[in-house]
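Asks:
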Amino acid sequence: MHIPDGYLSPATCAVTGAAMVPVIGTACARVKRVVKDRHAPLLALGAAYSFLVMMFNIPIPDGTTAHAVGAVLIAVLLGPWAAVVCVSVALVIQALFFGDGGVLALGANALNMAFVMPFVGYGVYRLAARNTSLTSRRRALAAGVGGYVGLNAAALCAAIEFGLQPTLFHSANGTPLYAPFHLAQTIPTMALAHLTIAGAAELILTLGVVAYLQRANLPLLRINHPGVVDTDEELAPTRGLPALRWALIGIATMIVLSPLGLLAPGTAYGEGASADLNLHKYGLSAIPSGLQHYNGFWKHTLLADYGFASGRHSSLGYVLSAALGALVVGAAILLFVAVGRAVARRRPDVQTG
Amino acid sequence: MAGGATTPAWLLESEAGAFPIGCSGRRRRGNALEKTLDGLAKIVRQAITSEETAARPGLLQSLDARAKLPGVVALLVAVGLVRHIPVLAGLYLFTLGLAAASRIGLWGFVKRVWLFIPVFTGVIVAPAMFSFVTPGEVVLPLGHWFGHEVGLTRQGLTSAGLIVCRVATSISLVVLLTLTTSWPGLLSALRALFVPRLLVLVLGMAYRYLFVLLDSISEMVVARRARTIAAGRNRHGARAAASFSGGALFGKAHALSEEIHQAMLARGFRGEARTLERVRLRAVDGTWLLACLVLAVLVVGGDRALGL
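Just so you know, the sequences run in chain order A and B. Mapping the first sequence onto numbering that gives the first Met the number 0, position 190 (from 1) lands on 189, and the numbers just tick up by one. Mapping the second sequence onto numbering that gives the first Met the number 0, position 175 (from 1) lands on 174, and the numbers just tick up by one.
1. Could you check the C-alpha separation between Asp4(A) and Gly79(B) for me, to the nearest Å?
2. Per DSSP, what are the beta-bridge partners of Glu148(B) in this structure?
3. Going by Cα to Cα distance, which pick from Arg129(A), His312(A), Trp80(A) is closest to Asp231(A)?
4. Which class does His279(A) belong to by DSSP, given the choice of helix, strand or coil?
5. So is Lys110(B) buried or exposed if we call it buried at 16+ other beta carbons inside 10 Å?
6. Express the C-alpha separation of Val318(A) and Val255(A) in angstroms, rounding to a whole number.
7. Excluding the 5 residues preceding and the 5 following Ala285(A) in the sequence, name in chain order all residues of the same chain whose CB lies nearer than 8 Å to its CB.
8. Give me the Cα-Cα distance between Val194(B) and Gly267(B), rounded to the nearest whole angstrom.
9. What does DSSP give as the partner residues of Pro175(A) in its beta bridges?
10. Please confirm whether Ser181(B) has its beta-carbon closer than 8 Å to some beta-carbon of chain A.
11. DSSP has Val137(B) in a bridge; who is on the other side?
12. Go through its chain and collect everything with a Cβ distance to Arg340(A)'s Cβ below 8 Å, but skip five positions before and after it.
13. What residues in the region 143-171 of chain A bring their beta carbon closer than 7 Å to a beta carbon of chain B?
14. List the endpoints of the continuous alpha helix (DSSP H) containing Glu218(B).
15. Between the alpha carbons of Lys280(A) and Gln291(A), how many angstroms are there, rounded?
16. Just the C-alpha distance for Ser181(B) and Leu151(B), rounded to the nearest angstrom, thanks.
17. Find the nearest neighbour of Tyr305(A) within the set His312(A), Trp297(A), Gly316(A), judged by alpha-carbon distance.
18. Could you round the C-beta distance between Val84(A) and Val211(B) to whole angstroms and report it? I think they count as a contact, below 8 Å.
19. Helix, strand or coil for Phe131(B), going by three-state DSSP, please let me know.
20. Examine chain B for any beta-carbon lying closer than 8 Å to the beta-carbon of Leu41(A), and answer yes or no.
21. For the alpha helix (DSSP H) that Glu233(A) lies in, which residues bound it at each end?
22. Might you give, ordered along the chain, the residues of its own chain that have their beta carbon closer than 6 Å to the beta carbon of Ala188(B), omitting 5 neighbours on each side?
23. Which residue spans inside the region 23-98 of chain B form an unbroken alpha helix (DSSP H) run of at least 4?
24. Which value, in whole angstroms, describes the spacing of the CA atoms of Ala154(A) and Leu255(B)?
25. Are Ala205(B) and Ala47(A) touching if we call contact CB-CB under 8 Å?
26. With a CB to CB cut of under 8 Å and the five nearest residues on each side skipped, what residues in its chain are close to Gln93(A)?
27. Could you tell me the alpha carbon to alpha carbon distance between Val220(B) and Ala210(A), rounded to whole angstroms?
28. For Ile47(B), decide whether its Cβ has a neighbour in chain A, counting only Cβ atoms nearer than 8 Å.
29. Kindly indicate the opening and closing residues of the alpha helix (DSSP H) around Thr353(A).
30. In whole angstroms, what separates the C-alpha of Val336(A) from that of Leu126(A)?
31. At the 8 Å Cβ level, is Thr157(B) part of the contact set with chain A, yes or no?
32. Taking Ile159(A) and Leu182(A) to be in contact with their CB atoms under 8 Å, please state how far apart those CB atoms are, rounded to whole angstroms.
33. Can we say the region 295-315 of chain A touches the region 241-251 of chain A, given the rule of at least three CB pairs closer than 8 Å?
34. How about Lys31(A): is its C-beta nearer than 8 Å to some C-beta of chain B?
35. Given that a residue counts as buried once 16 or more other Cβ atoms are within 10 Å of its Cβ, and exposed if not, what is Arg176(B)?
36. Could you give the first and the last residue of the continuous alpha helix (DSSP H) run that contains Phe115(B)?
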């Protein structure tokens, strides 16, 4: 995702660079306040760490390689503002000393990987981890998902920066002056590469490192998580309940409101009875025989058309259908989870390493 | 040994503009781990090469980094604004001239840039030559697709050529900068360009400790390989090892940062970064900067005179 010089117009570089100036300024000020005078060595080592994470290449079948960025991992471990500084510094070293990523494009690269990525990823992590303890599995998984989402957000930004070039900068006869691909081409291409391999690499790295630190080096996780309890046992016992209660309230509201569907005119596309088909519109003279035969093949339903057989009390029928449906789906999910747990319990823990 | 032991002449010789060259002979296709090890070794090699060429006498080496960096950035902006391939080609020749004047081996310089281009830029730019990406005047028809003529378009070819030339010239300029400037020089240049003091301090320390962590990683990878008995495929094991290494490396980095902090405190660090007294810029530095700016303006002006 390191954009080299020459792909983006100097105007794009200037705009993204200008956008990064206040971000870097704020990050420096915030970091100074949070980590006090020990900021410099910690950030320096964080930057070196980020640089090295980007060195671990994973081969892709097409011959090129993908690598994780580690921005979300650093955001989880040291905070998002520290991640801004660390990844920016790593990018500067790469651009100025190793020729990886452009010098003019530094602003764009920093915007994608040092600002959008850690903040989006960290936001997802915080949302997904919620109030769980420091050693809970959910927290590690939340970090992994944060890494995945963060990387894809960064890739999307890069795709937009690329994709705007031919629209904004072309010569009189339509020759694109910079990156030649349009948004409709850059977004799917970048999404394909990053939703699959690069995203998986980021997810595995972030999840793996956080899970490892949960087991082996908890003090490192405490740096950015002051006040978070260590284990699930220390959590207040009623923690999980409000979420469940809100979920149940939401489902109940939807059940009560379900008769609103009666107000909608017409039928959903492809769901109407064969008698309602507008044959003329499709150039047909008769209902196709297969459709005729299989339509109404299953007649043994309890609440046909979400109502009673008599056709009366349609609102009540809707509510009853919704409640029954929710119950059946809920029971199926519970059964599925119970079977999964039973299988997991039967299988002994396999130690690898 | 008659005549006493002397150092052989070939050992004392310094290779003019030696560039990191890959191993000769047949190469075994390594796995991801080995490739990463290669990559790590390449970083060190590149850093050493840069230090070596930066210490050599030459045109760009004699300039102060505080003038060199803004000059190169001005030229990079000019390269970005140019819209004609011949002008870009001229600028590329200019970088070759600078390399020769700075005693950088030309063959290695050209190779370093052009080995990168087909692999990265070429693959990306190739589809843009076709009419389905860049519509326009078809100059090399390749057939028909749903009644439309498909082929290479003039616009697509020009665009691809522009990008390749621009990327090559830009990379050449940056390579010239990195090969002729020491890291402390670059840091002082950044400081002169109003980069926050904290960031410059972090940059300097990050670069220094990068190599310490690099050693740690190499040791970890080698240790793991030494303990691996069979070359079996164990995807889960490899993934776990990557996670453990990543976690352990972060632990090491953190412990190291604590030690560095204590060492800094012991030497009187009070949260305020200080830099050495600056040397005044000389006339030649000012001349270079002015020349770069004038050249940039002339190139962009000339390019616009050729038409948009």
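Idealized CB from N, CA, C, for every residue including glycine.
Replies: Let me spell this out:
1. For the purposes of this step, residue 4(A) is identified with residue 5 of the first sequence, where counting begins at 1. For the purposes of this step, residue 79(B) is identified with residue 80 of the second sequence, where counting begins at 1. If I take the Cα positions, the gap works out to 8 Å.
2. Position 149 of the second sequence, counting from 1, holds the residue named residue 148(B). Its beta-bridge partners are His143(B).
3. Start at 1 with the first residue of the first sequence, and residue 231(A) comes out as number 232. Minimum Cα distance to Asp231(A) is reached at Arg129(A).
4. As a working note, residue 279(A) is residue 280 in the first sequence. In the structure shown, His279(A) sits in a helix (DSSP, three-state: H, G or I).
5. Against the second sequence, residue 110(B) aligns to sequence position 111. Per the 10 Å Cβ criterion, exposed.
6. Sequence index remark: in the first sequence, residue 255(A) carries index 256 (1-based). Sequence index remark: in the first sequence, residue 318(A) carries index 319 (1-based). Looking at the two C-alpha atoms, the distance is approximately 6 Å.
7. Reading the first sequence from its first residue, position 286 is the one you call residue 285(A). Closer than 8 Å at Cβ, skipping near neighbours: Leu278.
8. As a working note, residue 194(B) is residue 195 in the second sequence. As a working note, residue 267(B) is residue 268 in the second sequence. Straight-line Cα distance between these residues: approximately 24 Å.
9. Along the first sequence, one-based indexing puts residue 175(A) at 176. Note: Pro175(A) sits in a beta bridge opposite His169(A).
10. On the second sequence, residue 181(B) is found 182 positions in, with the first residue counted as 1. Chain A contact via Cβ: absent.
11. Residue 137(B) sits at position 138 when you count from the first residue of the second sequence. For Val137(B), which the question treats as bridged, DSSP gives the partners Thr152(B).
12. Sequence index remark: in the first sequence, residue 340(A) carries index 341 (1-based). Cβ neighbours of Arg340(A) beyond the five flanking positions: none.
13. Ser170, Ala171
14. Along the second sequence, read from residue 1 onward, the residue named residue 218(B) stands at position 219. Taken as a continuous stretch (DSSP letters only), the alpha helix (DSSP H) holding Glu218(B) covers 196-226.
15. By one-based count along the first sequence, residue 280(A) stands at place 281. By one-based count along the first sequence, residue 291(A) stands at place 292. Distance between the alpha carbons of Lys280(A) and Gln291(A) is about 18 Å.
16. On the second sequence, position 182 is the one that residue 181(B) refers to. On the second sequence, position 152 is the one that residue 151(B) refers to. For Ser181(B) and Leu151(B), the distance between alpha carbons rounds to 45 Å.
17. Within the first sequence, the letter at position 306 stands for residue 305(A). Closest by alpha carbon: Gly316(A).
18. The residue you call residue 84(A) lines up with position 85 of the first sequence. The residue you call residue 211(B) lines up with position 212 of the second sequence. In fact, because the Cβ distance is near 19 Å, the residues do not count as touching under 8 Å.
19. Along the second sequence, one-based indexing puts residue 131(B) at 132. Of the three classes helix, strand and coil, the one that applies to Phe131(B) here is coil, per DSSP.
20. In the first sequence, the residue the question calls residue 41(A) occupies position 42. Interface residue, yes.
21. Taking the first sequence and counting its residues from 1, one reaches residue 233(A) at position 234. It is not in any alpha helix (DSSP H) - Glu233(A) carries neither H nor E in the DSSP assignment.
22. Walking along the second sequence from the start, residue 188(B) turns up at place 189. Excluding positions up to five away in sequence, the list reads Ala64, Arg65, Leu68.
23. 31-54, 64-80
24. Along the first sequence, one-based indexing puts residue 154(A) at 155. Along the second sequence, one-based indexing puts residue 255(B) at 256. One C-alpha to the other measures close to 33 Å.
25. In the second sequence, the residue the question calls residue 205(B) occupies position 206. In the first sequence, the residue the question calls residue 47(A) occupies position 48. Their beta carbons are under 8 Å apart, which means Ala205(B) touches Ala47(A) by this criterion.
26. Here residue 93(A) corresponds to residue number 94 of the first sequence, with the count starting at 1. Excluding residues within five positions, the ones whose Cβ falls inside 8 Å are His1, Phe50, Met53, Asp99, Gly100.
27. Start at 1 with the first residue of the second sequence, and residue 220(B) comes out as number 221. Start at 1 with the first residue of the first sequence, and residue 210(A) comes out as number 211. Val220(B) and Ala210(A): Cα-Cα distance of roughly 20 Å.
28. Position 48 of the second sequence, counted from the first residue, corresponds to residue 47(B). Closer than 8 Å: no.
29. Lying outside 0 to 352, the shown extent of chain A, residue 353(A) is not represented and no answer is given.
30. Indexing the first sequence from 1 puts residue 336(A) at position 337. Indexing the first sequence from 1 puts residue 126(A) at position 127. Rounded to whole angstroms, Val336(A) to Leu126(A) spans 23 Å at the Cα level.
31. Locating residue 157(B) in the second sequence gives position 158, counting from the first residue. It does: the Cβ of Thr157(B) has a partner Cβ on chain A nearer than 8 Å.
32. Translated into positions along the first sequence, residue 159(A) becomes position 160. Translated into positions along the first sequence, residue 182(A) becomes position 183. Confirmed, about 7 Å.
33. no
34. Taking the first sequence and counting its residues from 1, the one referred to as residue 31(A) is at position 32. For Lys31(A), the answer is yes, since a Cβ of chain B falls inside 8 Å of its Cβ.
35. Counted from its first residue, the second sequence places residue 176(B) at position 177. Looking at the sequence provided, one finds Leu at residue 176(B) rather than Arg. The residue is buried, with at least 16 neighbouring Cβ atoms inside 10 Å.
36. Looking up residue 115(B) in the second sequence gives position 116. That run of the alpha helix (DSSP H) goes 105-116.
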